[in-house]
Every structure is written in structure tokens, then in C-alpha cells.
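Visitor: My questions will all concern the structure given below.
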Amino acid sequence: MLCRPASDAASRAAHHAIRHAVFVEEQGVFTLSDLDAHDARDDVIHVLALYDGCPAGTVRLHPTGPGEWLGDRLAVLPEFRSASIGGPLVRFAVATASARGGRVMHAHVQVANERFFHRLGWSTAGEVETYVGQPHVPMSIALSPVCTWLTGPEPASA
């Protein structure tokens, strides 16, 4: 299993095809398309999970403010749900946001997936709310600083 940013046209098309299959066709969360204005932003990271070389899952993440990130559009195709794709996708998103200076990551999680996120270290951050017309739980996770041997030391304060 491999998670990586969908940085070329083919991987981006696979990313969007998985989201469409899950959120439009399977779950009916969106009527025609789940694409929105965030998909066109330069700072949005579209992630694709491959299982034995086959596109299997996705997640999207982007900054929402200084040190804050949002993860959304986590989707795994039904035929790969028993292959433990979701956890690595979430961990990849968290590590990616952290590596880009994030201090906290937020998500709106479908109610049925709240326990899954708890097992990954996330905390419930409020009451059930309506998000994209469906009940979701707001959740968050504190992001750990990246090792300085990867990023270099933080600049000294003046």
C-alpha cells in the first residue's frame, strides 16, 4: 500500500474518480459531482492510495489559516475497505500537514467513522452537525512538529 500526492493528470483523474464513485454514486452525498472550489486551489493536496498498484482510496487536505489544516474527502473504494487503506491515508494527511507547518488538523467526519478516527488519535471537537447535508462530527488532532533533522532548526526569536 502506497499513499502519495496525486501530482500528475493520471493520478489526479484516479483521485477524482474514486471520490465520485464513493460520494456521488455509492453514498449519494452529492448529486452530480463532489468537486468544489477547493479542488482548483494551488495549496490543496490531493492524495491517492494505491493497493498493489491499483487506485484504492483518496483524501484531500489544505490549509485553512496559520497552522490550521482541514482534511476531507476521505474515500476508499468498497473492494479495498478490508485492506486497511483508511488509516494510512489519514496518517499520511496528518504527517503532510505537520510537515508543512501545521499545528492542528480538523475534519468533518461521518458519524459512523467517529470511532475509527478516535483510534487514530483524533478527538471529537463538538456536537454532531450538518455538513454537506449529512450528519458529521467535527474532529481535530494536534500535529506534532517535524523532526528538525528533516526541516532544520526553527529560526531564533529576536
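Residue numbering for the sequence shown follows our numbering, beginning at 628 and increasing consecutively.
Using N, Cα and C, we set each Cβ at its ideal position, and we do this for glycine too.
Remember, it's a predicted structure, so these values are computed and weren't measured experimentally.
Just verifying my parser: in three-state terms, what is the DSSP assignment at S708?
Guide: Position 81 of the sequence shown, counted from the start, is the residue given in the question as residue 708. For the sequence presented, residue 708 should be read as Arg rather than Ser. Three-state DSSP puts R708 in a helix.
Visitor: By a C-beta neighbour count over all protein chains shown, 10 Å radius and 16 as the cutoff for buried, is R700 buried or exposed?
Guide: Within the sequence shown, the letter at position 73 stands for residue 700. Burial call: buried.
Visitor: Compute the Euclidean distance between the alpha carbons of R742 and W749, then round it to the nearest angstrom.
Guide: Here residue 742 refers to the residue found at position 115 of the sequence shown. Here residue 749 refers to the residue found at position 122 of the sequence shown. One C-alpha to the other measures close to 9 Å.
Visitor: Could you give the distance in angstroms between the alpha-carbon of V721 and the alpha-carbon of L659?
Guide: Here residue 721 is taken as the residue at index 94 of the sequence shown, counted from 1. Here residue 659 is taken as the residue at index 32 of the sequence shown, counted from 1. Looking at the two C-alpha atoms, the distance is approximately 29 Å.
Visitor: For V569, is the classification buried or exposed, using 16 other Cβ atoms within 10 angstroms of its Cβ as the cut-off for buried?
Guide: The displayed coordinates of the chain run from 628 to 785. Any statement about residue 569 would go beyond what the structure contains.
Visitor: Less than 7 Å between C-beta atoms, sequence neighbours within five positions excluded: which residues of the same chain meet that for Q761?
Guide: The residue given as residue 761 occupies position 134 in the sequence shown. Hits under 7 Å: V656 and Q737.
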